[in-house]
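Input: a single structure, listed below in structure tokens.
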Amino acid sequence: MSTLLMRRPTGRAGVAVAVLALALTACGGGADDPVTGSPASTPSASSEASPEPSASENGKDLAAPSGSSTASPEAADGEFVPASSEGPAQNVPVPEMPTAATEQTQEGLEAALEYWWEAERYLKLTGDPDPLRAISTEDCALCEELIKNWPAIYRADGWADIGETEMEVAFSSLDNNNLGGRAILMVSEAPGEVYRPDGSRVESASGDGSKDVGWGAGARYSGGQWQIEDMSVQ
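Residues 579 to 812 in the working numbering are what the sequence shown spells out, letter by letter.
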């Protein structure tokens with residue numbers, strides 16, 4: 579059977595944060611097999627999930643097209659269609675990295691942080707990890723989990739409906755001669771729904787969202803831009 583495992587960390591106030599990592603393991607069976615999973619209380623629990631083989635192991639590119647083979651409402655050429663139980667989002671606009679994220683300043687750091695969250699939502703809506711990969715370092719554990727796990731959902735013809743995230747920088751500072759930066763963020767995530775190929779909702783992998791959850795972020799300036807090297811719930 580095919581099993582979807584979700585690891586959903588909980589903030590200090592007990593409010594569940596919408597899906598942070600979703601790993602898929604395949605052990606045969608059809609698309610109609612049950613999908614199960616259980617939320618965990620900390621982000622580190624996601625490392626216990628058994629991820630799908632990497633691109634180098636199975637010969638598949640991690641990037642996934644914006645959509646799946648599942649039927650969904652027709653859209654005019656280029657018209658954005660939000661995700662629903664009928665199918666994945668279509669023609670999702672690709673977030674563009676702001677010019678400010680290339681500036682070695684505190685404002686540049688904050689612009690990169692805002693873009694990271696835009697790229698994170700884009701990944702969940704499409705399965706395409708490229709924008710998030712471009713703003714993250716390989717040392718970022720959460721970034722790598724997202725980049726590894728979410729494309730697997732779309733390769734399995736599943737999809738997600740994720741609302742917009744509101745992010746406010748509560749504090750930020752530069753260090754190491756402006757080559758590094760830290761920030762405290764207040765993040766509110768909209769409810770998220772994850773669907774099987776038949777359009778049924780994966781209860782254990784869907785979340786109620788969160789309100790004003792504290793996140794800590796670390797970044798470094800490299801290659802002419804800021805890159806996120808740490809992102810975690812406080």
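Glycine included, every Cβ here is placed at the ideal spot set by N, Cα and C. Owing to the predicted nature of the structure, the values given are computational and were not obtained by experimental measurement.
Rounded straight-line distance, which links the Cα of residue 760 to that of residue 796: Residue 796 and residue 760 have their C-alpha atoms roughly 5 Å apart.
Cβ-based burial, residue 685 [other Cβ within 10 Å; buried from 16]: So residue 685 counts as exposed.
Residue 723 (DSSP reduced to helix, strand or coil): For residue 723, the secondary structure class from DSSP, reduced to helix, strand or coil, is helix.
Minimum length 3: unbroken beta strand (DSSP E) runs contained in the region 727–811: Qualifying beta strand (DSSP E) stretches, in chain order: 737–740, 743–753, 758–767, 770–773, 791–800, 803–811.
Limits of the unbroken alpha helix (DSSP H) element including residue 689: Element bounds for residue 689: 684–704.
Where the alpha helix (DSSP H) through residue 708 begins and ends: Run containing residue 708: 708–712, per the alpha helix (DSSP H) assignment.
Straight-line gap, residue 753 to residue 722 (C-alpha atoms, nearest Å): Taken atom to atom, the span from the alpha-carbon of residue 753 to that of residue 722 is near 24 Å.
Alpha-carbon to alpha-carbon, residue 693 and residue 674: Between residue 674 and residue 693, the C-alpha separation is close to 8 Å.
Exposure label - residue 672; buried when at least 16 CB within 10 Å: Here residue 672 is exposed, its C-beta having fewer than 16 other C-beta atoms within 10 Å.
Residue 717 versus residue 808 - alpha carbon distance: In a straight line, the C-alpha of residue 717 is about 7 Å away from that of residue 808.
CA-to-CA distance, residue 689 to residue 635, given in whole angstroms: Residue confidence is low: residue 635 scores 41 on pLDDT, short of 50, so the model does not pin down where it sits. Its coordinate-derived value is still stated next. Cα-Cα distance, rounded: 35 Å.
Minimum C-alpha distance to residue 746 - residue among 785, 691, 786, 703: Comparing Cα positions, the closest option is 691.
Validate contact between the region 697–711 and the region 730–741 using beta carbons, cut 8 Å, 3 pairs: These segments touch.
Residue 727, buried or exposed, once every other Cβ within 10 Å from all chains shown has been counted against 16: With 16 or more other Cβ atoms within 10 Å, it is buried.
Residues near residue 656 by beta carbon distance below 6 Å, same chain, minus five either side: These residues qualify, in order along the chain: 669.
Residue burial classification, residue 801 (beta-carbon count within 10 angstroms, cutoff 16): The residue in question, residue 801, is exposed, as its Cβ has fewer than 16 Cβ neighbours within 10 Å.
7 Å Cβ cutoff met for residue 679 and residue 793: Not in contact: residue 679 and residue 793 (Cβ atoms no closer than 7 Å).
Residue from 791, 798, 732 with nearest C-alpha to residue 773: If we check each option's Cα against that of residue 773, 732 comes out closest.
Buried/exposed call for residue 698, threshold 16 Cβ in 10 Å: With a threshold of 16 other beta carbon atoms within 10 Å, residue 698 meets it and is buried.
Identified DSSP bridge partners for residue 662: By DSSP's assignment, residue 662 forms a beta bridge with 665.
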